[in-house]
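> Numbering (the UniProt record's numbering), first residue to last: 1 to 335.
No residue lacks a Cβ here, since even glycine has one placed at the ideal position from N, Cα and C.
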Amino acid sequence: MSEVDGGDAFYVLDRPCVLGEGPIYRASDSTLHYVDCIHDPPQLHILSVDPETGEALQPGVKLAESSTEKTNKSKPGLRVLDLEDSVTVMAFRKNVPKSYICLYYQGFAFMDEETGRLDVLKEVIPKEERHVRRFNDGGVDPAGRFWGAEIDVRGLSYGRNNLPSDHGKPCGRLWRYDPDGTLTQMEDGLVCGNGIGWSPDKKTMYLHDSCAQYIYAYDYDNATGDISNKRVLRCFIGTPHEPDGMVVDSEGNIWVAMFGGHCVMVLDPQGNTIKTIKAPARNMACTTWGGKNHNIIYAVSAYDKTPNRDPSDQGGHLFKYHVDAQGQPKYEFAG
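Right under this line is the structure:
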């Protein structure tokens, strides 16, 4: 196992994201799209980057100039849209320009890239139940279906691997939304469903439960979308690492943003650590492939709100890493 220093944030925002999530890269115009889902109001950010170097086409601010007292607004190279609800993850739609499929706290929706307007497809969680559970991470499978995982809100409030004995079975669920509009529950018992991805041979699906500190693997049938044979790929109990968003490379290695762990961790298909990329941010939140050759890892992060926060922590800003691996673009929704 090797450990490398990933360096400082490559793009510093006027105001750090409260919780940066759902990054996706579009090669046609070399833009990085992500959300700040807990910001008030929630925001969509679209950053123009150089397809060769990965650098932002317009520089951000200096770290010393970033402040939680400011707000992020559109400026050259960065578009910022205020959203009507908390969007937590999104994916591009195949052959439907300027449109995403996304998860918002209560369900599935299309979102317009120009206006941020939501067109609700399925409201799964009634508004009066948002204090019980909400949607979190998701992803599109190789056949173009969109998957979404929930959070058990009360379970999450207890912190990392700390459910009391009387909590009962966690209430977070995993759903699959097909291009024809069919919605199917695929899993339950999650505290914080996260990090959904697929192996390059399309035979394995990965799902994280961040708060429980597990990475699960399933057998995956690409023709039907069925999953089976759930097993623990890696357990992080006893460490500060909460496996958050992830991507997979062409060799099947998993690049995981570690919330609470100051790093992006690279695991082989058996769950063994190959490499750790250290970051000056406690809460790394999600990764995506980018660049002309898909050999740049972009990572979004969250502001550290703990009382003993390190004042030099760069959480809430954007990171990138040129790596010796071949990534694969995130799949697009087929509906």
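1) So, at 6 angstroms on beta carbons, what are the nonlocal neighbours of Lys94 in its own chain, with the 5 sequence-adjacent residues on each side left out?
2) I need the DSSP call for Ser199, collapsed to helix, strand or coil.
3) Consult DSSP for Gly245 and reduce its assignment to one of helix, strand or coil.
4) Once you ignore the five residues that flank Asp40 on each side, which residues in its own chain have a CB closer than 7 angstroms to its CB?
5) I need the straight-line Cα distance from Leu121 to Ser2, nearest angstrom please.
6) Within this structure, are the beta carbons of Asn222 and Ala302 separated by less than 8 angstroms?
7) Can you confirm whether the segment 88–105 touches the segment 130–146 when touching is taken to mean that 3 or more C-beta pairs between the two stretches lie within less than 8 angstroms?
8) Would you grab the beta carbon distance between Cys192 and Cys211 for me? Rounded to a whole angstrom, and I think it's under 8 angstroms.
9) In angstroms with no decimal places, state the Cα-to-Cα distance between residue 351 and Leu233.
10) Would you kindly report the start and end of the unbroken alpha helix (DSSP H) that includes Gly155?
11) Is any non-hydrogen atom of the ligand NAD found closer than 7 angstroms to the C-beta of Glu128, if you look at the structure I gave you?
12) Looking at Arg160: is its Cβ nearer than 8 angstroms to the Cβ of Glu242?
13) Give every residue of the same chain whose Cβ lies closer than 7 angstroms to the Cβ of Thr288, excluding the five residues on either side of it in the sequence, and list them in chain order.
14) Are the segment 198–208 and the segment 216–230 in contact at 8 angstroms, needing three or more beta carbon pairs?
15) Determine, using beta carbons only, whether Lys70 and Asp14 come nearer to each other than 8 angstroms.
16) List the endpoints of the continuous beta strand (DSSP E) containing Ala64.
17) I'd like to know whether the C-beta atoms of residue 336 and Phe319 end up nearer to each other than 8 angstroms.
Taking the coordinates as given:
1) Here the question's residue 94 lines up with position 94 in the sequence shown. Here the set comprises Glu332 and Ala334.
2) The sequence position of residue 199 within the sequence shown is 199, counting from 1. Ser199 falls in the coil class under three-state DSSP.
3) Translated into positions along the sequence shown, residue 245 becomes position 245. Strand, per DSSP.
4) Counted from its first residue, the sequence shown places residue 40 at position 40. Nothing listed; no residue qualifies.
5) Counting from one through the sequence shown, the residue named residue 121 turns up at place 121. Counting from one through the sequence shown, the residue named residue 2 turns up at place 2. About 44 angstroms.
6) Stepping through the sequence shown from its first residue, residue 222 is reached at position 222. Stepping through the sequence shown from its first residue, residue 302 is reached at position 302. Against a cut-off of 8 angstroms, the Cβ pair of Ala302 and Asn222 comes out as no contact.
7) Yes, the segment 130–146 touches the segment 88–105.
8) Residue 192 sits at position 192 when you count from the first residue of the sequence shown. Residue 211 sits at position 211 when you count from the first residue of the sequence shown. Indeed, because the Cβ distance is near 4 angstroms, the residues count as touching under 8 angstroms.
9) Any answer about residue 351 is impossible in this case: the structure gives the chain only from 1 up to 335.
10) In the sequence shown, residue 155 corresponds to position 155, counting from 1. It spans Val153 to Ser157 - the alpha helix (DSSP H) in which Gly155 sits, taken as one unbroken run.
11) The model depicted lacks the ligand NAD and carries no ligand whatsoever.
12) One-based indexing of the sequence shown puts residue 160 at position 160. One-based indexing of the sequence shown puts residue 242 at position 242. In this structure, Glu242 lies closer than 8 angstroms to Arg160 by Cβ.
13) Taking the first residue of the sequence shown as position 1, residue 288 is located at position 288. Around Thr288: Pro23, Ile24, Tyr25, Val247, Tyr298 and Lys330.
14) yes
15) For the purposes of this step, residue 70 is taken as the residue at position 70 of the sequence shown. For the purposes of this step, residue 14 is taken as the residue at position 14 of the sequence shown. Closer than 8 angstroms, so yes.
16) Taking the first residue of the sequence shown as 1, we reach residue 64 at position 64. It is not in any beta strand (DSSP E) - Ala64 carries neither H nor E in the DSSP assignment.
17) This structure does not reach residue 336, given that the chain is present from 1 up to 335, and the question cannot be answered.
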